[in-house]
Every structure is written in C-alpha cells, then in structure tokens.
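J.: 1 is the number of the first residue of the sequence shown in full-length UniProt numbering; add one for each residue after it. Right, I'll just put the structure down here and ask away after.
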Amino acid sequence: MRRLDLQRFADTEAVQRYQEALYINVGAAGAAATYELFGTGVTKADESFDTKTKESRYINQKSTSQSITGYGYSIGYEYENIPSEKAVKMIDSVAKKEKVGSEAETDLVVVSLYMEKEESKGYPARKRRVTISPDSNSDNDGTMVGSGSLLGKTDWEYGFFDVEKKAFTADATAAAKFDVSAGN
Numbered sequence: 001m002r003r004l005d006l007q008r009f010a011d012t013e014a015v016q017r018y019q020e021a022l023y024i025n026v027g028a029a030g031a032a033a034t035y036e037l038f039g040t041g042v043t044k045a046d047e048s049f050d051t052k053t054k055e056s057r058y059i060n061q062k063s064t065s066q067s068i069t070g071y072g073y074s075i076g077y078e079y080e081n082i083p084s085e086k087a088v089k090m091i092d093s094v095a096k097k098e099k100v101g102s103e104a105e106t107d108l109v110v111v112s113l114y115m116e117k118e119e120s121k122g123y124p125a126r127k128r129r130v131t132i133s134p135d136s137n138s139d140n141d142g143t144m145v146g147s148g149s150l151l152g153k154t155d156w157e158y159g160f161f162d163v164e165k166k167a168f169t170a171d172a173t174a175a176a177k178f179d180v181s182a183g184n
C-alpha cells in the first residue's frame, strides 16, 4: 500500500477573526481621516451580505433562473462600552446623541491581515462609507454593552492600509488580491 505524506501548510489554516481588522474613521466631518481600531471591547462583528436576487421562470424551463442584482451589506456589532476606545466611543455617541443623516455616517476599512503585506503600502484592504445604526444599550451583568449595525452606504473601494500609520491608500490593484488566481 502506498503511503501519502500529507503536510499542513500555513495557507491551509482557516482565517481567524482577529486577522480581519476593522478600522473606523473617528475624525470630524470634512477633516482628514483619523482611523481607530474597532477591536478592544468589541465582542461581535459579523458581516452580512444580504444578497439581492432576481428570479425568472421561462416558458421552456421547469425551474427558475436566478441571478444576483446587488447586496445589502452590514456588520452586526456588539461592544462593551469602554470610553477610552475611540471607535467604541464614536459609535456609542451616535446612539446617545440620536444622530441622523450624515452625522451618523463614517468610513469603515476592513484590513485583511492574513494577506501578504506589501512593504511600502501595507495590507490589502476594503473601504466603504457606512451608516451607524444603533439598536440598544443594555446591562450585561453590570457592564454596559451596546449593539447595532454598520450599514453599507457605498460600494467598496480597494487599496492598502498601513496599520502603523493608520492610513488607507486607494489602489485599484489591491482588488485583485481578493480574487482567486488561475492555477491556485
């Protein structure tokens, strides 16, 4: 019987949650972007793509034909209210001040830390405008927690994020980093 030597490589490991970092622009409207990590205190951040579809059944088919026409992107979040965390404080302020319209909007950058870092650019990243939609502030065994959603407002802009400088640079070539390469 022939023996197979199987070896597990790093690129066959599942991506862990901490390897998709979320950065939120906490800067004032109209000012230069000031990104802060939406991480410490955050206990949940689940992406939902809410696919929009079109369905048709043609006269020569028994089954329907379906296609994707768009997405209703959101991130459902939960956090412990830690005032020293600027991203948490900014999101909490939307709820407490009942902000609406553009006052409840910011930029979100999702940084793929598991992808190869480009020396002079940073990690591949996706950026989009989002609306902060708070759901509740509640008591969890004495700790104040907040929950809600970040609702997609624009399409993704691809680029690179430098985690040391906390800076996003748009770069259309970064979009290819999220594609499946031929032969891989």
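All C-beta atoms in this analysis are idealised placements derived from N, C-alpha and C, irrespective of residue type, glycine included. Remember, predicted model here, so these are calculated numbers, not experimental data.
Between which two residues does the alpha helix (DSSP H) holding V42 run?
T.: On the sequence shown, residue 42 is found 42 positions in, with the first residue counted as 1. First-last for V42: V42 to S48, but that is the beta strand (DSSP E), not the alpha helix (DSSP H).
J.: For the beta strand (DSSP E) that I91 lies in, which residues bound it at each end?
T.: Here residue 91 corresponds to residue number 91 of the sequence shown, with the count starting at 1. From DSSP, I91 is part of no beta strand (DSSP E) but of the alpha helix (DSSP H) over K86 to K96.
J.: Could you tell me which of D162, D139 and E80 sits nearest to E118, measuring between CA atoms?
T.: Taking the sequence shown and counting its residues from 1, the one referred to as residue 118 is at position 118. Out of D162, D139 and E80, D162 has the C-alpha closest to the C-alpha of E118.
J.: Under 8 Å by Cβ, that's how I've got T69 and K52 pegged, so tell me the actual separation to the nearest angstrom.
T.: Walking along the sequence shown from the start, residue 69 turns up at place 69. Walking along the sequence shown from the start, residue 52 turns up at place 52. Yes, they are in contact, since the Cβ atoms of T69 and K52 sit about 5 Å apart, within 8 Å.
J.: With respect to the beta strand (DSSP E) encompassing residue 185, which residues constitute its N-terminal and C-terminal limits?
T.: Nothing can be reported for residue 185, as the shown portion of the chain is limited to 1 through 184.
J.: Rounded C-beta distance between I75 and A45? I'm assuming under 8 Å.
T.: As a working note, residue 75 is residue 75 in the sequence shown. As a working note, residue 45 is residue 45 in the sequence shown. That belief holds up - the Cβ atoms of I75 and A45 are roughly 6 Å apart, short of 8 Å.
J.: Less than 9 Å between the beta carbons of V130 and V88, yes or no?
T.: Within the sequence shown, the letter at position 130 stands for residue 130. Within the sequence shown, the letter at position 88 stands for residue 88. Not a contact, by the Cβ cut-off of 9 Å.
J.: Pick out whichever of A28, A95 and Y123 has its Cα sitting closest to the Cα of V145.
T.: Here residue 145 refers to the residue found at position 145 when the sequence shown is read from its first residue. For the residues A28, A95 and Y123, the minimum Cα distance to V145 belongs to A95.
J.: Residues bridged to E55 by DSSP?
T.: In the sequence shown, counting from the first residue as 1, residue 55 sits at position 55. Partner(s): Q66.
J.: Measuring only the C-alpha atoms, how far is R8 from V15?
T.: Counting from one through the sequence shown, the residue named residue 8 turns up at place 8. Counting from one through the sequence shown, the residue named residue 15 turns up at place 15. A caution first: R8 carries a pLDDT of 46, below 50, which makes its placement in the model too unreliable to give a value.
J.: Near G72, which residues of its chain fall below 6 Å by C-beta distance, leaving aside the five closest residues on each side in sequence?
T.: Here residue 72 corresponds to residue number 72 of the sequence shown, with the count starting at 1. The residues are D50.
J.: Return the CA-CA distance between V100 and Y58, expressed in angstroms with no decimal places.
T.: As a working mapping, residue 100 is identified with position 100 in the sequence shown. As a working mapping, residue 58 is identified with position 58 in the sequence shown. Taking the straight line joining both Cα atoms gives about 44 Å.
J.: For the candidate residues Y18, S120, S48 and Y23, whose alpha-carbon lies nearest to that of S149?
T.: Residue numbering aside, residue 149 sits at position 149 when the sequence shown is read from its first letter. Among Y18, S120, S48 and Y23, the Cα nearest to that of S149 is on S48.
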